[in-house]
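Student: Can you keep this structure in mind? I'll have questions shortly.
There are 4 protein chains.
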Amino acid sequence: MNELDNLIGDLYEYDDELTAKQRKIIIAAIEAFAEKGYASTSTSEIAKNAGVAEGTIFRHYKTKKDLLISIVGPMVQKFIAPFVIRDMEKVLNQDHESIDDFLRAMLKNRIAFVSKNKLLFKILIQEIPFQPELKELFKKHIGMKVIEKATLIIQHYQEKGQLVDLPPATIIRGIASSIFGFIVTRNLLLPELDWDDEVEMERTIQFILHGIKK
Amino acid sequence: MNELDNLIGDLYEYDDELTAKQRKIIIAAIEAFAEKGYASTSTSEIAKNAGVAEGTIFRHYKTKKDLLISIVGPMVQKFIAPFVIRDMEKVLNQDHESIDDFLRAMLKNRIAFVSKNKLLFKILIQEIPFQPELKELFKKHIGMKVIEKATLIIQHYQEKGQLVDLPPATIIRGIASSIFGFIVTRNLLLPELDWDDEVEMERTIQFILHGIKK
Amino acid sequence: MNELDNLIGDLYEYDDELTAKQRKIIIAAIEAFAEKGYASTSTSEIAKNAGVAEGTIFRHYKTKKDLLISIVGPMVQKFIAPFVIRDMEKVLNQDHESIDDFLRAMLKNRIAFVSKNKLLFKILIQEIPFQPELKELFKKHIGMKVIEKATLIIQHYQEKGQLVDLPPATIIRGIASSIFGFIVTRNLLLPELDWDDEVEMERTIQFILHGIKK
Amino acid sequence: MNELDNLIGDLYEYDDELTAKQRKIIIAAIEAFAEKGYASTSTSEIAKNAGVAEGTIFRHYKTKKDLLISIVGPMVQKFIAPFVIRDMEKVLNQDHESIDDFLRAMLKNRIAFVSKNKLLFKILIQEIPFQPELKELFKKHIGMKVIEKATLIIQHYQEKGQLVDLPPATIIRGIASSIFGFIVTRNLLLPELDWDDEVEMERTIQFILHGIKK
DNA sequence: GATGAATGAGAGTTCATTCAT
DNA sequence: TATGAATGAACTCTCATTCAT
Numbered sequence: 001m002n003e004l005d006n007l008i009g010d011l012y013e014y015d016d017e018l019t020a021k022q023r024k025i026i027i028a029a030i031e032a033f034a035e036k037g038y039a040s041t042s043t044s045e046i047a048k049n050a051g052v053a054e055g056t057i058f059r060h061y062k063t064k065k066d067l068l069i070s071i072v073g074p075m076v077q078k079f080i081a082p083f084v085i086r087d088m089e090k091v092l093n094q095d096h097e098s099i100d101d102f103l104r105a106m107l108k109n110r111i112a113f114v115s116k117n118k119l120l121f122k123i124l125i126q127e128i129p130f131q132p133e134l135k136e137l138f139k140k141h142i143g144m145k146v147i148e149k150a151t152l153i154i155q156h157y158q159e160k161g162q163l164v165d166l167p168p169a170t171i172i173r174g175i176a177s178s179i180f181g182f183i184v185t186r187n188l189l190l191p192e193l194d195w196d197d198e199v200e201m202e203r204t205i206q207f208i209l210h211g212i213k214k
Numbered sequence: 001m002n003e004l005d006n007l008i009g010d011l012y013e014y015d016d017e018l019t020a021k022q023r024k025i026i027i028a029a030i031e032a033f034a035e036k037g038y039a040s041t042s043t044s045e046i047a048k049n050a051g052v053a054e055g056t057i058f059r060h061y062k063t064k065k066d067l068l069i070s071i072v073g074p075m076v077q078k079f080i081a082p083f084v085i086r087d088m089e090k091v092l093n094q095d096h097e098s099i100d101d102f103l104r105a106m107l108k109n110r111i112a113f114v115s116k117n118k119l120l121f122k123i124l125i126q127e128i129p130f131q132p133e134l135k136e137l138f139k140k141h142i143g144m145k146v147i148e149k150a151t152l153i154i155q156h157y158q159e160k161g162q163l164v165d166l167p168p169a170t171i172i173r174g175i176a177s178s179i180f181g182f183i184v185t186r187n188l189l190l191p192e193l194d195w196d197d198e199v200e201m202e203r204t205i206q207f208i209l210h211g212i213k214k
Numbered sequence: 001m002n003e004l005d006n007l008i009g010d011l012y013e014y015d016d017e018l019t020a021k022q023r024k025i026i027i028a029a030i031e032a033f034a035e036k037g038y039a040s041t042s043t044s045e046i047a048k049n050a051g052v053a054e055g056t057i058f059r060h061y062k063t064k065k066d067l068l069i070s071i072v073g074p075m076v077q078k079f080i081a082p083f084v085i086r087d088m089e090k091v092l093n094q095d096h097e098s099i100d101d102f103l104r105a106m107l108k109n110r111i112a113f114v115s116k117n118k119l120l121f122k123i124l125i126q127e128i129p130f131q132p133e134l135k136e137l138f139k140k141h142i143g144m145k146v147i148e149k150a151t152l153i154i155q156h157y158q159e160k161g162q163l164v165d166l167p168p169a170t171i172i173r174g175i176a177s178s179i180f181g182f183i184v185t186r187n188l189l190l191p192e193l194d195w196d197d198e199v200e201m202e203r204t205i206q207f208i209l210h211g212i213k214k
Numbered sequence: 001m002n003e004l005d006n007l008i009g010d011l012y013e014y015d016d017e018l019t020a021k022q023r024k025i026i027i028a029a030i031e032a033f034a035e036k037g038y039a040s041t042s043t044s045e046i047a048k049n050a051g052v053a054e055g056t057i058f059r060h061y062k063t064k065k066d067l068l069i070s071i072v073g074p075m076v077q078k079f080i081a082p083f084v085i086r087d088m089e090k091v092l093n094q095d096h097e098s099i100d101d102f103l104r105a106m107l108k109n110r111i112a113f114v115s116k117n118k119l120l121f122k123i124l125i126q127e128i129p130f131q132p133e134l135k136e137l138f139k140k141h142i143g144m145k146v147i148e149k150a151t152l153i154i155q156h157y158q159e160k161g162q163l164v165d166l167p168p169a170t171i172i173r174g175i176a177s178s179i180f181g182f183i184v185t186r187n188l189l190l191p192e193l194d195w196d197d198e199v200e201m202e203r204t205i206q207f208i209l210h211g212i213k214k
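Chains as they are written, first to last, in the UniProt record's numbering: chain Z, 1 to 214; chain V, 1 to 214; chain L, 1 to 214; chain F, 1 to 214.
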């Protein structure tokens, strides 16, 4: 399973953090959680699909929930961290003259990441409402930081006269909803459709820009 | 619990379709499903919260999944049917001269409905990915019908020169994503925030209109 | 269901002992018990097939076991009583000159009765091992009485020089086994076979006579 | 429980096919099924009597019915196979000059087997009518094979002029009924009686021989 | 480190029985 | 008398977790 192999690479910096069995467990868990949901997946099923003994799972992960967190946790950080740290810094440092460029760069980046990690993304948004630990993680990594930075960026472009004068929070919600909507439609709702990603992404950007540009 | 009482009224036309115990079961089930998810809620818990014997649940609903469907099924129809049948007909009959009016009317309507039925809505979007029966219901009631009608409406306004010349599917996705994003943020992600619904809704409409108007 | 209507007539002397609902309950119970066994038949199933409310069953029969006993109990008496009381008396009063005649009469009689009441017979032999009450009934009505009488009859014919000089108990077991074997094969094991009852019965009698006649 | 230890030995060729816990489960199940019937025995009861956790039963046997089949299935084969394969071959190969010898050998053999496995035999005949799987097994292992072979043997002795000229099917039914009657009386109906097995068996053979010999 | 048999709490479901109507 | 909603105990079966090997 190609997606899953890449994915592991994305989530764990150093391959040797994981034994071969751990990799197999994580891959089996991701597939099962995405397909049936965390609560409806049994550890015995994961063990069987991973080709390991049930006990082996619990040798590496104290509980079933531990396994979930260890899968989804890194995702939260990987998904968010670059957004916050890399891209945003750049913007504020005037790497992108126009908001078009910035938005396009960011959107492409995020969409590519989610497309590569569809299953993980599905698990993440399915389980966040029910796992306080995940919610906490999410808040910690996005919560204030991202919103603060995004607010700064928006104000930055508003001052440049490029953005409509709605409150930043509204704009953030507008942009985030559109991106989220695109990603969800693309990957979860209608994955079987024959999308031309480049074109559709460009259209989504146009839609957003129409919505927020002055 | 006020929301839940309204809700039952919304879902079941005639109060006497339900016995007192059935009402209590459904209310308890909705609360529990929304809070912990369908799979993580036990029927014994529902029974306890409803103040009935566990057997009573199974007298009215053959299985636990039956209970879920009988809760969420009507929601699908109630949420969608009016959208398709009433609003859309009106538009096509020129009830709304400008797209602004139409969009505003529809958005208000949908948002009000979801706000009144937050819990049900949460259950619906959480469980749809895992319950083929729900997916089927959803497709049957939204699937083609809504998209066809929406396409007609968009073409209608495009011909009037009021709408940007993107493909209808893109516009639909844009609008739907924004509405969905608004509803989810408003009700699920940040319900604790102090929203001024009127204002925020108007802003969302502005955002959408910006995005799709010529 | 023809068999069952006759049957009720056989079991209950006076039709007006039973209300219409009781008849329907008993018929439904017999069918279900015979098909799936007493323990695997639910009262709700009986009620449904009988077209009455579940409560109605318990109005007439205090418990499920009561229902069983009230069905099978009369059978025990009806099946046995004539054997003991009528036939045997006749034999001892020299109604049948030869043992051939006696055996033939008795066998025909028993076989006809069981054939008419196949389902009841099946229930009886299936449940006797597990229902002490039935065992008790059986012992009371067959137990000593039948065996004593049969012993007398056998000794009677042995004295006449018509019967082999095995111990009566052995002869009784031989005869009973053969009859039981015939009935079970005919009605339970191979009911779908195309039997010529007259012929097969005569052969069975020949077999028994061969076995016991001097 | 001595009978049960032998029995396990009979059913499973190699002791190490079964773990200690499995043995305990099977023994407890046999006792309970024989005493109260399959349907009226709960798995929790079996677990308690076996001194294992209830879950352990389901680790070894997927369902309760699986447990039943795995107990009774081997019995069907063990009980029947030798009858068909060993004994009958011998007869046809003239090992037994007279039918007396053959019948005596066979009867002794079967009776001994059933006596040793009374409980299993009881379960088998109690559950066959309600378990299609068992019926199938039975048919497959006895069904045609035994009856065909038996027919051959009977014709063999009829040609030798030793047997009465009734149709083989009638003779088979006669013999089988007598044996079945003997076994059932001996082991199930009147087990508490003080039987002299040798003597009674000889008498049963005499009875059968009387019935079928020319 | 890996195994998988064993556990026992708890899951969903069934059922004989009761009782207000 | 007949009903059928309600009950709660008991049922079969699943599961995350433990631990001796």
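No residue lacks a Cβ here, since even glycine has one placed at the ideal position from N, Cα and C.
Which residues in chain F have a C-beta closer than 8 Å to the C-beta of isoleucine 212 of chain L? List them in chain order.
Tutor: Near isoleucine 212 of chain L (Cβ distances below 8 Å), the residues of chain F are Phe207 and His210.
Student: Grab the span of the alpha helix (DSSP H) containing proline 168 of chain Z for me, first residue to last.
Tutor: Per DSSP, proline 168 of chain Z belongs to the alpha helix (DSSP H) from 168-184.
Student: What is the C-beta distance between alanine 150 of chain Z and isoleucine 172 of chain Z, in whole angstroms, given that I count them as a contact (C-beta under 8 Å)?
Tutor: Contact holds; Cβ gap of about 5 Å.
Student: Can you tell me where the alpha helix (DSSP H) with phenylalanine 130 of chain L in it begins and where it stops?
Tutor: Here phenylalanine 130 of chain L belongs to no alpha helix (DSSP H), and DSSP marks it neither H nor E.
Student: Which residues, in chain order, does the stretch 111-138 of chain F contribute to contact with chain L at a C-beta distance below 8 Å?
Tutor: So the list reads Lys122, Gln126, Pro129 and Phe130, given in the order they occur along the chain.
Student: Looking at chain V, is there any beta carbon in it that lies within less than 8 Å of the beta carbon of lysine 36 of chain Z?
Tutor: It does; some Cβ of chain V falls within 8 Å.
Student: Since leucine 119 of chain L sits in a beta bridge, which residues does DSSP pair it with?
Tutor: None, per the DSSP bridge assignment.
Student: Name the chain Z residues whose beta carbon is nearer than 9 Å to that of valine 164 of chain V?
Tutor: Ordered by position in chain Z, the residues that pass the 9 Å Cβ test against valine 164 of chain V are Gln206, Phe207 and His210.
Student: Alpha carbon to alpha carbon, how far is isoleucine 175 of chain L from isoleucine 212 of chain F?
Tutor: Going from the Cα of isoleucine 175 of chain L to the Cα of isoleucine 212 of chain F covers about 14 Å.
Student: Looking at the C-beta of threonine 185 of chain F, does it have a partner C-beta in chain L at a distance below 8 Å?
Tutor: By this cut-off, threonine 185 of chain F is an interface position.
Student: Can you pull the chain V residues whose beta carbon is under 9 Å from the beta carbon of phenylalanine 180 of chain Z, in chain order?
Tutor: Those are Ser177, Phe180, Gly181 and Val184, listed as they occur along chain V.
Student: From aspartate 66 of chain F to lysine 65 of chain L, what does the alpha carbon distance come to, in whole angstroms?
Tutor: Approximately 28 Å between the Cα atoms of the pair.
Student: What number of angstroms, rounded off, separates the C-alpha of aspartate 197 of chain L from the C-alpha of leucine 163 of chain F?
Tutor: The straight-line gap from Cα to Cα measures roughly 23 Å.
Student: Please work out which residues of its chain come closer than 7 Å, Cβ to Cβ, to phenylalanine 138 of chain L, disregarding the five sequence neighbours upstream and downstream, and give them in chain order.
Tutor: Excluding residues within five positions, the ones whose Cβ falls inside 7 Å are Val76 and Ile128.
Student: Pull up the distance between the alpha-carbon of lysine 145 of chain Z and that of phenylalanine 207 of chain Z, whole angstroms please.
Tutor: Approximately 26 Å between the Cα atoms of the pair.
Student: Going by DSSP in three states, tyrosine 61 of chain Z sits in which element: helix, strand or coil?
Tutor: Here tyrosine 61 of chain Z sits in coil by DSSP.
Student: I'd like the span of the alpha helix (DSSP H) that includes asparagine 49 of chain F, first residue to last.
Tutor: Looking at the DSSP string, the run of the alpha helix (DSSP H) that includes asparagine 49 of chain F is 43-50.
Student: Strictly below 8 Å CB to CB, what residues from chain V border threonine 170 of chain Z?
Tutor: Within 8 Å Cβ-Cβ: Glu200, Arg203, Thr204 and Phe207.
Student: Run the proximity test for isoleucine 154 of chain Z: is its beta-carbon closer than 7 Å to any non-hydrogen atom belonging to the ligand NAD?
Tutor: By its list of ligands, the structure shown contains no ligand whatsoever, and the ligand NAD lies outside what it can speak to.
Student: With 16 as the cutoff for other CB atoms within 10 Å, does lysine 140 of chain Z come out buried or exposed?
Tutor: Exposed, since its Cβ has fewer than 16 Cβ neighbours within 10 Å.
Student: Can you grab the Cα-Cα spacing for the pair phenylalanine 58 of chain Z / isoleucine 46 of chain Z, in whole Å?
Tutor: Cα to Cα, the separation comes out at about 12 Å.
Student: Would you kindly work out how many angstroms separate the C-alpha atoms of lysine 116 of chain Z and glutamate 148 of chain Z, rounded to a whole number?
Tutor: About 27 Å.
Student: Can you list the residues of chain F that arginine 104 of chain L reaches, using a CB-CB cut of under 9 Å?
Tutor: The contacting residues do not exist; arginine 104 of chain L stays about 16 Å from chain F at best.
Student: If proline 132 of chain V and isoleucine 154 of chain V are in contact, beta carbons under 8 Å, what's the gap, nearest whole angstrom?
Tutor: Actually they do not touch by this definition, with Cβ atoms about 30 Å apart.
Student: Taking the Cβ atom as the reference point for each residue, do threonine 43 of chain V and glutamate 54 of chain V lie within a distance shorter than 8 Å?
Tutor: It is a contact, given that the beta carbons lie within the stated cut-off.
Student: Compare the C-beta of alanine 29 of chain L against all C-beta atoms of chain F and say whether one is closer than 8 Å.
Tutor: Output row for alanine 29 of chain L: interface = no.
Student: Would alanine 39 of chain L pass as a contact of serine 40 of chain F if the rule is Cβ separation under 8 Å?
Tutor: In this structure, serine 40 of chain F lies closer than 8 Å to alanine 39 of chain L by Cβ.
Student: Give me, in chain order, the residues of the same chain whose beta-carbon lies closer than 8 Å to that of lysine 21 of chain L; leave out the 5 immediate sequence neighbours on both sides.
Tutor: The answer, listed in chain order, is Ala50, Val52, Thr56 and His60.
Student: Out of curiosity, what's the CA-to-CA distance linking threonine 204 of chain F and phenylalanine 180 of chain L?
Tutor: In a straight line, the C-alpha of threonine 204 of chain F is about 15 Å away from that of phenylalanine 180 of chain L.
Student: Residues of the UniProt domain "HTH tetR-type" (19-79) of chain Z in Cβ contact with chain V at a cutoff of 7 Å, in chain order, please.
Tutor: Taking 7 Å as the Cβ-Cβ cut-off against chain V, the residues of the UniProt domain "HTH tetR-type" (19-79) of chain Z that qualify are Lys36, Gly37, Ala39 and Ser40.
Student: Could you spell out where the alpha helix (DSSP H) holding isoleucine 27 of chain V opens and where it closes?
Tutor: It spans 20-36 - the alpha helix (DSSP H) in which isoleucine 27 of chain V sits, taken as one unbroken run.
Student: From the DSSP output, in three-state form, read off glutamate 200 of chain V for me.
Tutor: Note: glutamate 200 of chain V maps to helix in three-state DSSP.
Student: At a Cβ threshold of 8 Å, is glycine 174 of chain L touching chain F?
Tutor: Chain F contact via Cβ: present.
Student: When you compare only the Cα positions, how much space is there between glutamine 126 of chain L and glutamine 126 of chain F?
Tutor: Using only the alpha carbons, I get a separation of about 7 Å.
Student: State yes or no: is the beta carbon of tryptophan 195 of chain V nearer than 8 Å to at least one beta carbon in chain Z?
Tutor: Chain Z, which has no Cβ nearer than 8 Å to the Cβ of tryptophan 195 of chain V, makes this no.
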